[in-house]
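Colleague: Residue numbers (our numbering), protein chains in the order written: chain S, 50 to 218; chain G, 9 to 499. We treat Cβ as the ideally placed atom computed from N, Cα and C, and that holds for glycine. Treat the numbers as computed from the prediction; the structure is a model and nothing was measured. Handing you a structure now.
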Amino acid sequence: MLKTLRKIASVGLVSELPPGPEELLRVRRAIDERIAAVLGRALCIRHVDAGSCNGCELEIHSLGNPYYNLEGCNIRFVASPRHADLLLVTGPVVKNMEAALKRVYAATPDPKLVVALGDCGCTGGMLGECPASLGRVSNVIPVDVAVPGCPPSPVLILQGILTAIQSPG
Amino acid sequence: MPLKRWWDRAHKIVGASSVRGVGVDAAQWLQVASDVADSGGLLHALWVSREPAGDAAVYGAYLTDAGVLVAELALPSGGGSVYYPGLEDLFPAASRLQRAAFDLSGVRSSDPDLRPWLNHAAPYEFVRVDGEGVHEIGVGPVHAGTIEPGHFRFSVVGEKVLRLEEHLGYVHKGLEQRFTQLPILQAHRLAARVSGDSAVAFSWAYCQALEGMSGGVLPPRAAWLRAVCLELERLANHLGDLGALGNDAGFAFGLAQFSRLKEDLLRAVSAAFGRRYLFDIVVPGGVAVDVSTEAARALAEVVRTVCAEIIELRGIYDEHEGVRDRFTGAGCLAPELAARLGVLGLAGRASGQARDARVDLPCAPYTELAVAKIVHQGGDVAARVAVRFEEAQESGRLLRRLLAALPGGEHAATVDAPPADAFGVGLIEGWRGPVLVALQAGPEGSIRRCHPHDPSWQNWPALEYAIVGNIVPDFPLINKSFNLTYSGVDL
């Protein structure tokens, strides 16, 4: 126990403060203000992997580390689409996930936002459209913001979320 | 030595060190499998190639003490449908491989389990468990956390799991077909995306097969830089898992600390290689970017710091009674069962299966590195955690050694497209276990067939056994301790 406490104390707070990347700070502050203004509570995100290679998931996980400290800017991932304001969808939408994705979308209460993440979500990526894959996310459900990258960095993902919550409607 | 007889008459296959191929008839197909099983070897990969005319061939790649033995059984169609003898009685992992191969090629094995695997068009029949108080819990394909999709069907009494049946294939995206549409000199990019967390392992295995077929020589500096990337991938994934495992045991401190260390490492990787995750760094002939002496030194310094902190955190995990209580005895896979199921990679090494391709079938530069094989006998979550802790340290040692003595010269050489029908096999020990890529060239720089194999094919069925008798709430922890890929096996 003593070792644990000593480690916590010696590491201190690493969440990005100066001299962290300027961009991250700006995005964090903007997200914070926007969420407070629109929702007055945390923004709830439900992630759906519709056919990803699992690369984008690695960077979504990074968002939760102490540097990006996602929960510190009023965003949290939830276990059910029924609790979500925003769907974060990765991968091209493959045939075997089409029904599941549509059901998740239908289960998410209105008004809802959808962010398609990664090159696959934006364009279908290296797979494109084929008998097993329907391609980009917007071929299957309406998408508000598409964030390119393979995988997109955590800062880009945060910016995509910010863009989505700033979009009208 | 019956297996030796096959090995001696087999021809050399290019790519990884010590791969041989042998053409067999249907009776010999079973005899090879049985000789491999008798000698303590295992079935690694199984795939079917089918020509448009209908003629087909089934391939079985075995891991043996001498190397990788690839048996090829030609299946001339003669206008009708073709069958081959299934290997599921000798190697349980064969069952899903054969069912997947049928879904992809239409070529059936003699396995009586005819349920589709990757093809989800028809409803799937789960095995029912009957008895007083037995009920089912279905989970997925969309899970509660940020993980890949798949379905788990638990049959439980109270909280205790009587049986788990996995149904995967949800992220099947036609990878093998897509390979055949890409130029052979560019498809390493698709190989990197078979399972994104193993980008280096898959793209290296692909390039290893390709370079063998083209007859190119990998510059020493390129080989060393690839090993740097592979060990960075191993270290980053182990850091992520060690944090997530602490979290699943109710120790959020672990997630905070290990995810911080992983981010430190990713930023150092980004400074050295220009990307946080090492996609598209392994290219035919070498690596995409060179690393300056200063960048190598800075990266080695971060690795040193991270590894020192891992030792400190291991002390904290070991002394934490709550964590120890959750890890010890959970999800136990006994060594005998692991051997029977052919469990591979880190999960295998945590259950006494002492295989590591970096040691057993090393390619350059592992031939010079004397990698320490980390083996534990416990087979529980604690053993899989211990293997990760020790492998992370070993990767740290290898990285410091590699980065301190990078050979001079070019970081990439030119590679020409191999001649049509050239065939090669790549084998690389990724962080999860041995990754295999079988590659056959088509005419004019095209791909006739490419089959990528992840060790999760072997290890997913093992998870079904490891969970039996445990309670449902321990499943996330036990599942995480294996951390298998969905994308890599859904193809």
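1. Taking Asp46 (chain G) as the reference, which of G:Lys12, G:Gly353 and G:Glu174 has the closest Cα?
2. Could you have a look at Leu369 (chain G) and say whether DSSP puts it in helix, strand or coil?
3. Cutting at 7 angstroms between CB atoms, please list the residues of its own chain near Ser163 (chain G), excluding the five before and the five after it.
4. Does Ile503 (chain G) come out as helix, strand or coil in the three-state DSSP assignment?
5. Cα-Cα, which of G:Val389, G:Ala64, G:Tyr325 and G:Ala209 is closest to Ala231 (chain G)?
6. With DSSP as the reference, identify every bridge partner of Lys168 (chain G), one or two as the case may be.
7. Please list the segments of the alpha helix (DSSP H) lying wholly inside the segment 431-496 of chain G, counting only runs of 4 or more residues, in order along the chain.
8. Establish whether the CB of Thr493 (chain G) and some CB of chain S are separated by less than 8 angstroms.
9. Report the rounded CA-to-CA distance for Gly209 (chain S) versus Val194 (chain S), giving the unit in angstroms.
10. Below 8 angstroms between beta carbons: does that hold for Ile455 (chain G) and Phe281 (chain G)?
11. What does Gly100 (chain S) reach in chain A if we use C-beta pairs closer than 7 angstroms?
12. With three or more C-beta pairs closer than 8 angstroms as the rule, is the segment 112-128 of chain S touching the segment 164-173 of chain S?
13. Mind checking Met221 (chain G): buried by the 16 CB within 10 Å criterion, or exposed?
14. Using the beta-carbon of each residue, which ones in chain G are nearer than 8 angstroms to Ala128 (chain S)?
15. Can you name the residues that DSSP bridges to Lys20 (chain G)?
16. Find the residues of chain G that neighbour Leu176 (chain S), judging by a C-beta separation of less than 9 angstroms, and give them in chain order.
17. Kindly indicate the opening and closing residues of the alpha helix (DSSP H) around Arg78 (chain S).
18. Within the same chain, show all residues whose beta-carbon is closer than 7 angstroms to that of Glu133 (chain G), passing over the 5 residues directly before and after it, in chain order.
19. For Arg357 (chain G), count neighbouring C-beta atoms within 10 Å of its own C-beta (all shown protein chains included) and say buried if the count is 16 or more, exposed if not.
20. Just to confirm, is the Cβ distance from Met146 (chain S) to Tyr178 (chain G) under 8 angstroms?
21. How long is the line joining the alpha carbons of Gly139 (chain G) and Ser103 (chain G), rounded to whole angstroms?
22. What does the alpha-carbon distance come out to for the pair Val310 (chain G) and Leu62 (chain S)?
23. Contact check, Ala257 (chain G) vs Phe335 (chain G) under 8 angstroms by CB: the rounded distance?
24. Report, in whole angstroms, the separation of the C-beta atoms of Ala235 (chain G) and Tyr214 (chain G), which I expect to be a contact under 8 angstroms.
25. For the putative contact between Ala303 (chain G) and Ala279 (chain G), defined by C-beta atoms under 8 angstroms, what is the C-beta separation to the nearest angstrom?
26. Leaving out the 5 sequence neighbours to the left and right, which residues in its chain are closer than 8 angstroms to Ala61 (chain G) when beta-carbon positions are compared?
27. Here's the rule: buried if 16 or more other CB atoms are within 10 angstroms of the residue's CB, otherwise exposed. What is Asp73 (chain G)?
28. Grab me the residues of Ile124 (chain S)'s own chain with a C-beta within less than 6 angstroms of its C-beta, minus the 5 sequence neighbours each way, in chain order.
29. If you reduce the DSSP assignment to three classes, tell me which class Val395 (chain G) lands in.
30. Going residue by residue through the segment 334-367 of chain G, where are the continuous alpha helix (DSSP H) segments of at least 4 residues, counting only ones entirely within it?
31. Name the chain G residues whose beta carbon is nearer than 9 angstroms to that of Tyr154 (chain S)?
32. How do the segment 484-491 of chain G and the segment 366-374 of chain G stand: do at least 3 beta-carbon pairs fall below 8 angstroms, yes or no?
33. Is DSSP giving Asp73 (chain G) helix, strand or coil here?
34. Is Ala91 (chain S) close to chain G? Criterion is C-beta to C-beta, closer than 8 angstroms.
35. Are there 16 or more other CB atoms within 10 angstroms of the CB of Ser464 (chain G), so buried, or fewer, so exposed?
36. Please list, in chain order, the chain S residues whose beta carbon lies closer than 7 angstroms to that of Tyr285 (chain G).
Modeller: By the coordinates alone:
1. Along the second sequence, read from residue 1 onward, the residue named residue 46 (chain G) stands at position 38. Checking every option, the nearest Cα to that of Asp46 (chain G) belongs to G:Lys12.
2. The sequence position of residue 369 (chain G) within the second sequence is 361, counting from 1. Here DSSP, grouped into helix, strand and coil, assigns Leu369 (chain G) to coil.
3. Here residue 163 (chain G) corresponds to residue number 155 of the second sequence, with the count starting at 1. Correct list, in chain order: Val137, Val142, Glu144, Leu170 and Arg171.
4. One cannot answer for residue 503 (chain G) here, as it falls past the ends of chain G, which runs 9 to 499.
5. Numbered from 1 along the second sequence, position 223 holds the residue referred to as residue 231 (chain G). The option with the nearest alpha carbon to Ala231 (chain G) is G:Ala209.
6. If you number the second sequence from 1, residue 168 (chain G) lands on position 160. DSSP output for Lys168 (chain G) lists G:Val165 and G:Ile479 as bridge partner(s).
7. 464-474 and 483-490
8. In the second sequence, residue 493 (chain G) corresponds to position 485, counting from 1. At least one chain S Cβ lies under 8 angstroms of Thr493 (chain G).
9. Walking along the first sequence from the start, residue 209 (chain S) turns up at place 160. Walking along the first sequence from the start, residue 194 (chain S) turns up at place 145. Those two C-alpha atoms are separated by around 7 angstroms.
10. Sequence index remark: in the second sequence, residue 455 (chain G) carries index 447 (1-based). Sequence index remark: in the second sequence, residue 281 (chain G) carries index 273 (1-based). No, the Cβ-Cβ distance between Ile455 (chain G) and Phe281 (chain G) is not below 8 angstroms.
11. Chain labels in this structure do not include chain A; the protein chains are S and G.
12. Judged by pairs of C-beta atoms under 8 angstroms, the segment 164-173 of chain S does not touch the segment 112-128 of chain S, as fewer than three such pairs exist.
13. In the second sequence, counting from the first residue as 1, residue 221 (chain G) sits at position 213. It counts as buried.
14. Taking the first sequence and counting its residues from 1, one reaches residue 128 (chain S) at position 79. Within chain G, the residues near Ala128 (chain S) are Ala152 and Gly153.
15. The sequence position of residue 20 (chain G) within the second sequence is 12, counting from 1. In DSSP, Lys20 (chain G) forms a bridge with G:Arg28.
16. Sequence index remark: in the first sequence, residue 176 (chain S) carries index 127 (1-based). Correct list: Lys181, Gly182, Leu183, Arg186, Leu198 and Arg201.
17. Residue 78 (chain S) sits at position 29 when you count from the first residue of the first sequence. Unbroken alpha helix (DSSP H) run through Arg78 (chain S): Glu71 to Val87.
18. Mapped onto the second sequence, residue 133 (chain G) falls at position 125. Only Arg123 meet the Cβ criterion.
19. For the purposes of this step, residue 357 (chain G) is taken as residue 349 along the second sequence, with counting starting at 1. With 16 or more Cβ atoms within 10 Å of its Cβ, Arg357 (chain G) is classed as buried.
20. Taking the first residue of the first sequence as 1, we reach residue 146 (chain S) at position 97. Taking the first residue of the second sequence as 1, we reach residue 178 (chain G) at position 170. Met146 (chain S) is a Cβ neighbour of Tyr178 (chain G), given a cutoff of 8 angstroms.
21. Residue numbering aside, residue 139 (chain G) sits at position 131 when the second sequence is read from its first letter. Residue numbering aside, residue 103 (chain G) sits at position 95 when the second sequence is read from its first letter. The straight-line gap from Cα to Cα measures roughly 27 angstroms.
22. Stepping through the second sequence from its first residue, residue 310 (chain G) is reached at position 302. Stepping through the first sequence from its first residue, residue 62 (chain S) is reached at position 13. Rounded to whole angstroms, Val310 (chain G) to Leu62 (chain S) spans 19 angstroms at the Cα level.
23. For the purposes of this step, residue 257 (chain G) is taken as residue 249 along the second sequence, with counting starting at 1. For the purposes of this step, residue 335 (chain G) is taken as residue 327 along the second sequence, with counting starting at 1. With 8 angstroms as the limit, Ala257 (chain G) and Phe335 (chain G) qualify as a contact, their Cβ atoms being about 6 angstroms apart.
24. Walking along the second sequence from the start, residue 235 (chain G) turns up at place 227. Walking along the second sequence from the start, residue 214 (chain G) turns up at place 206. Contact between Ala235 (chain G) and Tyr214 (chain G) is absent: CB atoms are separated by about 16 angstroms, not below the 8 angstroms threshold.
25. Residue numbering aside, residue 303 (chain G) sits at position 295 when the second sequence is read from its first letter. Residue numbering aside, residue 279 (chain G) sits at position 271 when the second sequence is read from its first letter. Yes, they are in contact, since the Cβ atoms of Ala303 (chain G) and Ala279 (chain G) sit about 7 angstroms apart, within 8 angstroms.
26. Within the second sequence, the letter at position 53 stands for residue 61 (chain G). Beyond the five residues adjoining it in sequence on each side, Ala61 (chain G) comes within less than 8 angstroms, by CB distance, of Ser85 in the same chain, given in chain order.
27. In the second sequence, counting from the first residue as 1, residue 73 (chain G) sits at position 65. Flag for Asp73 (chain G) reads exposed.
28. Sequence index remark: in the first sequence, residue 124 (chain S) carries index 75 (1-based). Excluding sequence neighbours, Ile124 (chain S) sits near Leu92.
29. Residue numbering aside, residue 395 (chain G) sits at position 387 when the second sequence is read from its first letter. Val395 (chain G) falls in the helix class under three-state DSSP.
30. 343-349 and 353-357
31. Indexing the first sequence from 1 puts residue 154 (chain S) at position 105. Chain G residues near Tyr154 (chain S): none, gap ~11 angstroms exceeds 9 angstroms.
32. no
33. Residue numbering aside, residue 73 (chain G) sits at position 65 when the second sequence is read from its first letter. Here Asp73 (chain G) sits in coil by DSSP.
34. As a first step, residue 91 (chain S) must be located in the first sequence, where it is residue number 42. So, not an interface residue.
35. Here residue 464 (chain G) refers to the residue found at position 456 when the second sequence is read from its first residue. So Ser464 (chain G) ends up on the buried side.
36. Here residue 285 (chain G) corresponds to residue number 277 of the second sequence, with the count starting at 1. The contacting residues are Gly104, Leu107 and Pro200.
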